[in-house]
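J.: Residue numbers (this note's numbering): 108 to 178.
#1: Please check the pair residue 152 and residue 128, which I expect to be a contact at CB under 8 Å, by giving their CB distance rounded to whole angstroms.
#2: Taking only the alpha-carbon atoms, compute the straight-line gap between residue 138 and residue 173 and give it to the nearest angstrom.
#3: Nearest-angstrom Cα distance between residue 112 and residue 147?
#4: Measuring straight from C-alpha to C-alpha, what distance separates residue 125 and residue 156?
#5: In terms of residues, what are the limits of the alpha helix (DSSP H) holding residue 111?
#6: When the Cα atoms are used, what is the spatial distance from residue 149 to residue 140?
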């Protein structure tokens with residue numbers, strides 16, 4: 108994915124980590140900072156390793172989030 112297309116706060120599927128992650132900010136011209144699912148831990152990710160999360164992936168992420176935050 109092109110870094111110019113990536114929006115902070117949106118959910119993207121990371122091919123390297125095989126999971127959905129939230130983009131928090133841009134690091135440089137080819138990488139972004141993402142957060143682990145339902146945590147504040149920040150990780151670097153190459154924009155080329157990301158794609159927009161599908162509606163099903165977003166729904167699953169939200170369901171997991173509700174379970175984590177209800178405890």
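Backbone N, C-alpha and C define an ideal beta-carbon position, used for all residues, glycine too. Remember, it's a predicted structure, so these values are computed and weren't measured experimentally.
T.: On the basis of the supplied data:
#1: 7 Å
#2: 29 Å
#3: 23 Å
#4: 10 Å
#5: Premise fails: residue 111 is in no alpha helix (DSSP H) and is neither H nor E.
#6: 6 Å
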